[in-house]
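Shown next, in structure tokens, is the structure this report addresses.
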Amino acid sequence: MMKKAIIFDCDNTLWTGIVGEDQHVYGLDTITTDIPFLANHGVIIGICSKNNENDANEALMAFDVDRYISVKRINWKDKASNLREIAQELNIGLDAMVFVDDSDFERELVTSQLPEVMAIHPKDLTRTVLENFNLTGSILKTEQYRANYQRAKAQEQFIDISEYLRSLDMVLTVKVNDKSQIPRIAELTQKTNQFNLTTQRLAETDIKNLMIESKIYSLSVRDRFGDNGLTGVCIIVDWDAPLYGIIAVFLLSCRILGRGIEQAFMDAIMRDLKKSKYTHLYAEYIPTPKNKQVEQFYPSLGFERCAGDQDEYVYCVDILKYEYQAAKHFSYE
Amino acid sequence: MNERIKEVMAKAFGVPVEQITEKSNQDTIDNWDSLRHMQLIVFLEREFDIIIPDEIVGNLISFKLIEATIQKCHGESA
Numbered sequence: 001m002m003k004k005a006i007i008f009d010c011d012n013t014l015w016t017g018i019v020g021e022d023q024h025v026y027g028l029d030t031i032t033t034d035i036p037f038l039a040n041h042g043v044i045i046g047i048c049s050k051n052n053e054n055d056a057n058e059a060l061m062a063f064d065v066d067r068y069i070s071v072k073r074i075n076w077k078d079k080a081s082n083l084r085e086i087a088q089e090l091n092i093g094l095d096a097m098v099f100v101d102d103s104d105f106e107r108e109l110v111t112s113q114l115p116e117v118m119a120i121h122p123k124d125l126t127r128t129v130l131e132n133f134n135l136t137g138s139i140l141k142t143e144q145y146r147a148n149y150q151r152a153k154a155q156e157q158f159i160d161i162s163e164y165l166r167s168l169d170m171v172l173t174v175k176v177n178d179k180s181q182i183p184r185i186a187e188l189t190q191k192t193n194q195f196n197l198t199t200q201r202l203a204e205t206d207i208k209n210l211m212i213e214s215k216i217y218s219l220s221v222r223d224r225f226g227d228n229g230l231t232g233v234c235i236i237v238d239w240d241a242p243l244y245g246i247i248a249v250f251l252l253s254c255r256i257l258g259r260g261i262e263q264a265f266m267d268a269i270m271r272d273l274k275k276s277k278y279t280h281l282y283a284e285y286i287p288t289p290k291n292k293q294v295e296q297f298y299p300s301l302g303f304e305r306c307a308g309d310q311d312e313y314v315y316c317v318d319i320l321k322y323e324y325q326a327a328k329h330f331s332y333e
Numbered sequence: 334m335n336e337r338i339k340e341v342m343a344k345a346f347g348v349p350v351e352q353i354t355e356k357s358n359q360d361t362i363d364n365w366d367s368l369r370h371m372q373l374i375v376f377l378e379r380e381f382d383i384i385i386p387d388e389i390v391g392n393l394i395s396f397k398l399i400e401a402t403i404q405k406c407h408g409e410s411a
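Chains A and B supply the protein sequences, listed in that same order.
The working numbering applies: residue 1 is where the first sequence begins, and numbers increase by one.
The working numbering applies: residue 334 is where the second sequence begins, and numbers increase by one.
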């Protein structure tokens with residue numbers, strides 16, 4: 001079966017670094033050379049990536065490849081659903097698609113859900129093209145597909161990925177006020193833009209001081225592909241009355257999103273807080289241009305919106321009534 | 334190996350070897366027509382002692398694809 005389309009991930013597949021997180025990203029051969037070349041020789045090019053849509057689109061424009069791209073799914077949904085939509089939109093079979101992603105996690109997810117799709121690492125791109133495509137000398141075919149490009153959203157596909165997540169053997173380690181982690185915690189508050197509810201930038205001295213009277217939770221995640229290290233931070237401080245706490249910081253590095261880890265982290269924190277002096281936990285979402293994806297985070301966990309102006313998003317939950325969210329595919333340490 | 338590929342390409346397309354880079358492809362080399370393409374295939378087979386399968390002959394239209402072909406052919410015969 002000859003392949004027709006190549007669907008690319010973005011961060012660390014088309015460029016080094018993460019748009020929206022890093023100040024600069026640097027184009028790899030895939031975007032500077034391969035995409036224009038392949039599109040000119042009859043290969044349909046698509047994008048399937050977990051990014052803020054605006055950030056990724058800006059980068060694609062900056063690298064001047066937008067005109068070669070026939071289809072895009074830039075969102076936070078799982079990539080298997082997105083690839084199904086892409087196949088429908090292009091009206092080609094899943095077995096006519098190659099998916100290129102540097103992440104072992106994403107490739108394995110796609111292979112487990114959609115075995116017809118050939119999922120490869122970027123380093124194997126040239127060899128894959130050589131053996132699985134009929135390159136042409138004409139740009140006509142891409143133009144045809146572009147003309148048919150339907151922006152209407154394909155029907156939402158539901159795919160059960162919980163089984164896959166269970167197979168990952170994810171282990172979460174949550175620590176409280178671990179002084180050895182101060183530099184990494186400060187770094188995450190400085191760098192994280194997307195999954196960051198309040199975007200408070202804190203220095204190492206701030207973290208050190210907060211550890212004296214407040215609770216700083218850190219989250220480390222490992223799975224059977226390896227150790228992702230310290231990738232989540234939550235800071236809880238006293239608010240108003242001493243029995244009320246507020247989440248001053250809640251953030252996760254974007255490379256571990258989409259696996260239910262954010263809910264599992266909150267569960268672990270709540271389990272600990274049930275033993276603390278607090279009765280109620282408040283939380284705030286402060287919108288920025290980069291963090292729209294977490295807009296519904298607290299409501300989705302059962303936090304209720306309380307007092308606040310129209311453009312203030314303050315939520316509250318009764319700690320004893322909090323319902324644990326996460327699926328059972330995690331173990332904790 | 335890269336230098337040998339560049340020399341073969343330069344000879345096949347009749348251009349100075351300095352003009353060939355690892356990013357060269359059919360779009361960057363004006364002389365790359367179908368006649369010279371077949372010449373390239375013959376030169377590559379001779380220079381690297383390989384037989385390029387018919388089904389991929391049409392795909393050898395960039396430096397990188399040529400390099401991958403030689404690696405593939407050497408890998409499979411070894």
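Even for Gly, the Cβ is constructed at its ideal location relative to N, Cα and C.
Quick caveat: nothing in here was measured; it's all calculated off a predicted structure.
Close Cβ partners of residue i (< 6 angstroms) along its chain, the five nearest in sequence each way excluded
i, result
"R305 (chain A)", "Y315"
"Y313 (chain A)", "Y285"
"Q404 (chain B)", "none"
"N82 (chain A)", "C48 and R73"
"A326 (chain A)", "G260, Q263, A264 and D267"
"K153 (chain A)", "Confidence at K153 (chain A) is low in this model, with a pLDDT of 27, below 50, so the placement of that residue is unreliable and no value is reported for it."
"R146 (chain A)", "For R146 (chain A), the pLDDT reaches just 37, beneath the cut-off of 50, and the residue's location in the model is therefore unreliable, although a value from the coordinates is still provided. Cβ within range, chain order: S70."
Residues near residue i by beta carbon distance below 8 angstroms, same chain, minus five either side
i, result
"L320 (chain A)", "K274 and T279"
"I384 (chain B)", "E378 and C406"
"L114 (chain A)", "A80, L83, R84 and L94"
"H121 (chain A)", "V100, D101, D102 and R107"
"P183 (chain A)", "E204"
Length of the line joining the Cα atoms of residue i and residue j
i, j, result
"C10 (chain A)", "L393 (chain B)", "26 angstroms"
"L140 (chain A)", "K77 (chain A)", "Confidence at L140 (chain A) is low in this model, with a pLDDT of 35, below 50, so the placement of that residue should be treated as unreliable; the coordinate-derived value is given next. Their backbone Cα atoms lie some 32 angstroms apart in a straight line."
"L397 (chain A)", "Y282 (chain A)", "The question about residue 397 (chain A) has no answer here: the residues shown for chain A are numbered 1 through 333."
"G391 (chain B)", "E21 (chain A)", "41 angstroms"
"G260 (chain A)", "R337 (chain B)", "52 angstroms"
"Y332 (chain A)", "D34 (chain A)", "43 angstroms"
"M2 (chain A)", "N91 (chain A)", "15 angstroms"
"M334 (chain B)", "M97 (chain A)", "32 angstroms"
"L135 (chain A)", "F396 (chain B)", "14 angstroms"
"Y88 (chain A)", "V71 (chain A)", "The residue asked about is misnamed: residue 88 (chain A) is Gln in this sequence, not Tyr. Taking the straight line joining both Cα atoms gives about 11 angstroms."
"N196 (chain A)", "F381 (chain B)", "55 angstroms"
"V65 (chain A)", "R73 (chain A)", "15 angstroms"
"N54 (chain A)", "K290 (chain A)", "9 angstroms"
"L172 (chain A)", "N228 (chain A)", "10 angstroms"
"T142 (chain A)", "N40 (chain A)", "Its pLDDT being 37, under 50, T142 (chain A) is placed unreliably by the model, and the measurement read from it follows with that caveat. Looking at the two C-alpha atoms, the distance is approximately 8 angstroms."
"P386 (chain B)", "P349 (chain B)", "28 angstroms"
"Y324 (chain A)", "D267 (chain A)", "6 angstroms"
"L60 (chain A)", "F8 (chain A)", "12 angstroms"
"Q194 (chain A)", "I374 (chain B)", "50 angstroms"
"C254 (chain A)", "G42 (chain A)", "34 angstroms"
"Q296 (chain A)", "W239 (chain A)", "22 angstroms"
"Q150 (chain A)", "F99 (chain A)", "Note that Q150 (chain A) has pLDDT 30, beneath the 50 cutoff, so the model's placement of it is unreliable and no number is given."
"I185 (chain A)", "V117 (chain A)", "38 angstroms"
"G245 (chain A)", "V25 (chain A)", "38 angstroms"
"L368 (chain B)", "Q23 (chain A)", "48 angstroms"
"D178 (chain A)", "R271 (chain A)", "18 angstroms"
Contact belief for residue i with residue j at Cβ below 8 angstroms, rounded distance in angstroms
i, j, result
"I216 (chain A)", "V176 (chain A)", "7 angstroms"
"I256 (chain A)", "T231 (chain A)", "5 angstroms"
"T110 (chain A)", "A56 (chain A)", "Looking at the sequence provided, one finds Val at residue 110 (chain A) rather than Thr. Contact doesn't hold; Cβ gap of about 19 angstroms is too wide."
"T198 (chain A)", "A248 (chain A)", "7 angstroms"
"V129 (chain A)", "L14 (chain A)", "Between L14 (chain A) and V129 (chain A) the Cβ distance is about 16 angstroms, and since that is not below 8 angstroms, they are no contact."
"I353 (chain B)", "K339 (chain B)", "4 angstroms"
"I31 (chain A)", "F63 (chain A)", "5 angstroms"
Cβ-Cβ distance between residue i and residue j below 9 angstroms
i, j, result
"T126 (chain A)", "E355 (chain B)", "no"
"V237 (chain A)", "E213 (chain A)", "yes"
"L398 (chain B)", "N358 (chain B)", "yes"
"A119 (chain A)", "E131 (chain A)", "no"
"I44 (chain A)", "A80 (chain A)", "no"
"F105 (chain A)", "L168 (chain A)", "yes"
"I69 (chain A)", "G46 (chain A)", "yes"
"K292 (chain A)", "N52 (chain A)", "yes"
"N12 (chain A)", "D102 (chain A)", "yes"
"K50 (chain A)", "G258 (chain A)", "yes"
"F303 (chain A)", "V317 (chain A)", "yes"
"L252 (chain A)", "T192 (chain A)", "yes"
"F376 (chain B)", "I362 (chain B)", "no"
Residue-chain proximity (residue i, chain E), Cβ-Cβ < 9 angstroms
i, result
"P183 (chain A)", "In summary, chain E is missing from the structure at hand, where the protein chains are A and B."
The ligand NAP heavy atom lying under 8 angstroms from the CB of residue i
i, result
"C234 (chain A)", "The ligand NAP is absent from the structure shown, which contains no ligands of any kind."
Chain-order list of residues whose beta-carbon lies under 7 angstroms from that of residue i (same chain, five-residue window excluded)
i, result
"E351 (chain B)", "none"
"R201 (chain A)", "T189 and Q190"
"F133 (chain A)", "M2, K3 and V43"
Legend entry - Sequence ranges, alpha helix (DSSP H) only - wholly within the region 152-236 of chain A, length at least 4: Those alpha helix (DSSP H) runs which fall completely within the region 152-236 of chain A and span 4+ residues are 162-166, 182-191 and 204-213.
Legend entry - Segments assigned alpha helix (DSSP H), at least 4 residues, entirely inside the region 38-126 of chain A: Segments of the alpha helix (DSSP H) lying fully in the region 38-126 of chain A: 53-62, 79-90 and 104-113.
Inset, instruction - With a floor of 3 residues, list each beta strand (DSSP E) that falls wholly inside the region 238-265 of chain A, ordered by position along the chain. - result: Those beta strand (DSSP E) runs which fall completely within the region 238-265 of chain A and span 3+ residues are 241-252.
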